[in-house]
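Numbering (full-length UniProt numbering), first residue to last: 1 to 628.
A virtual CB, placed ideally from N, CA and C, is assigned to each residue, including glycine.
One structure is given here, and the rest of the page talks about it.
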Amino acid sequence: MLRNLRGRFHPFWSNATTKVRYSTCSADDSHEQSSYVPLTDHPNLPESPNVSVSRDTRDYISAILTCKNVSEVGKIHARAIVNGFLQDLTVANKLLYIYSQLRAIADAETLFDEMSVKDPVSWSVMVGGFAKTNDFVNSLRVFREILRSSLNLDNYTLPIIIRVCREKRDVVVGRLIHKVALKSGMDLDCYVCAALVDMYAKCGEIDDACKLFDEMPKRDLVTWTVMIGACADSGKPDESWVLFERMRNEGIVPDRAAVVTIVNACAKLGALHKAVILHDYIRLMNFPVGVVLGTALIDMHAKCGNLDAAREMFDSMKDRNVISWSAMIAAYGYHGKATKALELFDVMVGDGRLPPNEITFVSLLNACSHAGFVKEGLEIFDLMTKYGVRPNVKHYTCMIDLLGRAGRLTEASGMIETMSIQKDETLWGSFLGACRIHKNVEMAEKAAMFLLELQPQNPGHYILLSNIYANDGKWEEVAKVRNLMNQRGLKKVPGYTWIEANNRTHRFKVGDRTHPKSKEIYDALRDLTEKLEEAGFVPDTNFVLHDVDEEVKVGMLSLHSEKLALAFGLIATPEGSLLRITKNLRVCGDCHSFFKFASLVTKREIIVRDANRFHCFKEGSCSCGDYW
DNA sequence: ATAGGGTTAG
């Protein structure tokens, strides 16, 4: 049956039987390469003085399990050969397994090749052994051999190989394996389905992940956890929260990994009240807050706007690793507190035991650029190398952002020209953003061209370029770009904005009419428009992202998600109360001045989070200055 | 005997 499916069209099914060389063990694995050490006594399996007492299989198995290094395994291995216990598949498989757990994959393979009888477990262990050492090529090779042989697929091997596809981000092979498994007629259990859902999600195929999850007859904790994480990663953290509730309603009690996942989703959602509820729940359930959960909580509180709670969490942790420190440094950065970030960095390196890593520096540089600390940013950038961290494209992106926002476009451009590393779309995106702020059309055009070249499938870049032309009055060029976009079948993907009101989170997208209070929302927006006009607000067309589809407007305001969210906030919460908004796109130009004016005419304090930066608008000004 | 999920940046 499997044979029929084996198309000739994908290299995955190539018939090459040549063995792929595995990488030999690294130098720090200071074990003997040979499995066949001389027959000696072993503390876990002492030679019996009484010959009549024979050892049985269980003695071997338990002895193997106590081995801490390859040389110990080798001794037992040798004994098993001499005493004929290697014929016992449970013993041989256990040896294979322990070798692979100890990453002595060469020893495992030697044994595997010498086994005259192998069962599905032997094969499965080999697939897993290669996967464990990240040798995906050989892992896939062994898996192909299973398919080619008369062996059946099983629920133990499939999760491993699907995980390999996930690591390689190879959804084509992943999907192929999924199909083969279905065709084989076997029942896919929770392990396989969880691995599949995770693989689809991590490969960006969220629809496939959802479909599979919905169709599953039974879901266990891991499946739920995977799906909750998948929603958070694909820009739907509100759905993560719903799933978490559903899971608990079905009587499934979360474990540490599940809790970390939902904390992470909540961080993305940016909902302050949910962060409080979740932390209370964690305390109530007496979950042990170790380094991982603690760090996730720091991040959650910071991204939900509660910097004090983040710091409190940080201070209360017994153990902290680089990630915890970086998370706290980043937290100050989100809130524009560059001085605090720099101070914490000094404490961290002052101790000397935890060397900062590349992410620590990204967090620091980001803190500097958010706060407009140009001088300090340049200093940190120089300091990196002293800590043995080589600037990568992310660090350069921060620097471009830092210089660009400050209006030092020529310097930024010079840095781009002289840098020796590969430039990616975020770097050009940062530069483009700066060009637009400072209205340098020529440089912006150049950056947009690079973006189009790098990511021809990203509709956002076409829209950006067409806007640049539109603002320069080059209408023919505008038409060209839009035609190109249509030809390539690209559509603008909607951005989302969330707003908290009365302990609930509401999501809006552009032109959204799905909210039950749509009518009131649109009325409020019309009302707001009038007040804004009176106050002298003029939308800055330099920044309006013209929709490719016809732009819907109420008065002079476009119906972008953040405007609908704000209008909803105005009617759903009492006058004078604070409004919290989370946007999944960067707040720029027109949006920035819109919020400034809105805070003035509505007498509301508006806190906007975008791309993990907080902007606090109050009485017509922004606490973060004009560094957006 | 062999299997799936969790922390910091952008």
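*asked:* Between His-515, Lys-446, Leu-570 and Gly-511, which has its C-alpha nearest Ala-524's C-alpha?
replied: Ranking His-515, Lys-446, Leu-570 and Gly-511 by Cα distance to Ala-524 puts Leu-570 first.
*Would you list the one or two residues that DSSP bridges to Trp-498?*
According to DSSP, which records beta bridges pairwise, Trp-498 is partnered with Arg-507 and Thr-582.
_Opening and closing residue of the beta strand (DSSP E) in which Cys-67 lies_ = Careful: Cys-67 lies outside any beta strand (DSSP E) and carries neither H nor E.
*For Leu-557, which residues does DSSP report across the bridge?*
In the DSSP output, where bridge partners are listed per residue, Leu-557 has Val-554.
*Of the choices Ala-201, Thr-418, Cys-368 and Thr-385, whose alpha-carbon is the least far from that of Arg-405?*
Nearest in C-alpha terms to Arg-405, of all of Ala-201, Thr-418, Cys-368 and Thr-385, is Cys-368.
*Who does Lys-618 pair with in a DSSP beta bridge?*
Note: Lys-618 sits in a beta bridge opposite Ser-621.
*From which residue to which residue does the beta strand (DSSP E) around Asp-610 run?*
That run of the beta strand (DSSP E) goes 606–610.
*With C-beta atoms as the reference, is Asn-392 less than 8 Å away from Ile-421?*
Going by C-beta atoms, Asn-392 is nearer than 8 Å to Ile-421.
_Among the candidates Ile-162, Ala-611, Cys-435 and Val-389, whose CA atom is the shortest distance from the CA of Glu-411?_
The candidate whose alpha carbon is nearest that of Glu-411 is Cys-435.
*Does DSSP put Arg-169 in a helix, a strand or coil?*
In the displayed model, Arg-169 falls within coil according to three-state DSSP, outside both helix and strand.
*asked:* Taking a contact to mean a Cβ-Cβ separation below 8 Å, would you say Leu-293 touches Val-260 in this structure?
replied: With contacts defined by Cβ atoms closer than 8 Å, Leu-293 and Val-260 form a contacting pair.
*Cα-Cα separation between Arg-283 and Arg-488, rounded to whole angstroms*: In this model, Arg-283 and Arg-488 are separated by some 52 Å (Cα to Cα).
*Between Asn-166 and Lys-202, which are expected to be in contact by the criterion C-beta below 8 Å, what is the C-beta distance as a whole number of angstroms?*
Before going on, a small fix: residue 166 reads as Arg here, not Asn. Contact holds; Cβ gap of about 5 Å.
_Cα-Cα separation, Leu-102 to Asn-134_ = Distance from the CA of Leu-102 to the CA of Asn-134, rounded to the nearest whole angstrom, comes to 13 Å.
*Confirm, please, whether the CB-CB distance from Val-510 to Thr-529 is below 8 Å.*
For the pair Thr-529 and Val-510, the CB atoms are not nearer than the 8 Å cut-off.
*If we count the other Cβ atoms within 10 Å of its Cβ and call it buried at 16 or more, is Met-449 buried or exposed?*
Within 10 angstroms of the beta-carbon of Met-449 lie fewer than 16 other beta-carbons, which makes it exposed.
*asked:* Just to confirm before moving on: does the CB-CB distance between Arg-580 and Glu-520 stay below 8 Å?
replied: Not a contact, by the Cβ cut-off of 8 Å.
_Simplified DSSP assignment, three categories, for Arg-103_ = If DSSP states are grouped into helix, strand and coil, Arg-103 belongs with coil.
*Taking the continuous alpha helix (DSSP H) assigned at Asn-483, which residues delimit it?*
Counting along the chain, the alpha helix (DSSP H) containing Asn-483 begins and ends at 475–487.
_Using 8 Å as the cut-off, can you tell me whether the segment 324–339 makes contact with the segment 299–309, which would need three or more C-beta pairs spanning the two stretches below that distance?_
Contact holds: three or more Cβ-Cβ distances are below 8 Å.
_By the three-class DSSP mapping on this structure, what secondary structure does Arg-408 have?_
Here Arg-408 sits in coil by DSSP.
_Alpha carbon of Ala-575 to alpha carbon of Ala-131, nearest angstrom_ = Checking the sequence shown, residue 575 turns out to be Glu, not Ala. Looking at the two C-alpha atoms, the distance is approximately 58 Å.
_Less than 8 Å between the beta carbons of Asp-238 and Leu-278, yes or no?_
Against a cut-off of 8 Å, the Cβ pair of Leu-278 and Asp-238 comes out as no contact.
*asked:* Can you tell me which residues form a DSSP beta bridge with Arg-613?
replied: For Arg-613, which the question treats as bridged, DSSP gives the partners Asp-610.
_Option in Phe-361, Ser-623, Tyr-387 and Gly-388 with minimal Cα separation from Glu-376_ = It is Phe-361 whose Cα lies nearest to the Cα of Glu-376.
*asked:* Using the three-state DSSP reduction, which class does Val-263 fall into: helix, strand or coil?
replied: Assignment of Val-263 by DSSP, reduced to helix, strand and coil, places it in the helix class.
*Endpoints, the alpha helix (DSSP H) within which Ile-277 is located*: For Ile-277, the uninterrupted alpha helix (DSSP H) segment begins and ends at 272–284.
*Given a threshold of 16 other Cβ atoms within 10 Å of its Cβ, counted over all protein chains shown, does Asn-584 qualify as buried or as exposed?*
The residue in question, Asn-584, is buried, as its Cβ has 16 or more Cβ neighbours within 10 Å.
*Please name the residue in Phe-381, Ala-106, Trp-123 and Asp-154 whose C-alpha comes closest to that of Glu-145.*
Measuring from the Cα of Glu-145, the nearest candidate turns out to be Trp-123.
*Would you identify the three-state DSSP class for Gln-455, choosing helix, strand or coil?*
Judged by DSSP in its simplified three-state form, Gln-455 adopts coil rather than helix or strand.
*Cys-622: buried (16+ other C-beta within 10 angstroms of its C-beta) or exposed?*
A residue is called buried once 16 or more other Cβ atoms fall within 10 Å of its Cβ, and Cys-622 is buried on that count.
_Straight-line Cα distance separating Leu-600 from Met-199_ = Going by the C-alpha atoms only, they are around 47 Å apart.
*Identify whether Tyr-387 lies in helix, strand or coil by the three-state DSSP scheme.*
It is coil, neither helix nor strand.
*What separation, rounded to the nearest whole angstrom, lies between the Cα atoms of Cys-624 and Asp-401?*
Cα to Cα, Cys-624 sits roughly 15 Å from Asp-401.
*CB-CB length for Leu-354 against Met-348, believed under 8 Å*: The pair is a contact, with the Cβ atoms about 6 Å apart (cut-off 8 Å).
*Under three-state DSSP, which class holds Glu-312?*
Three-state DSSP puts Glu-312 in a helix.
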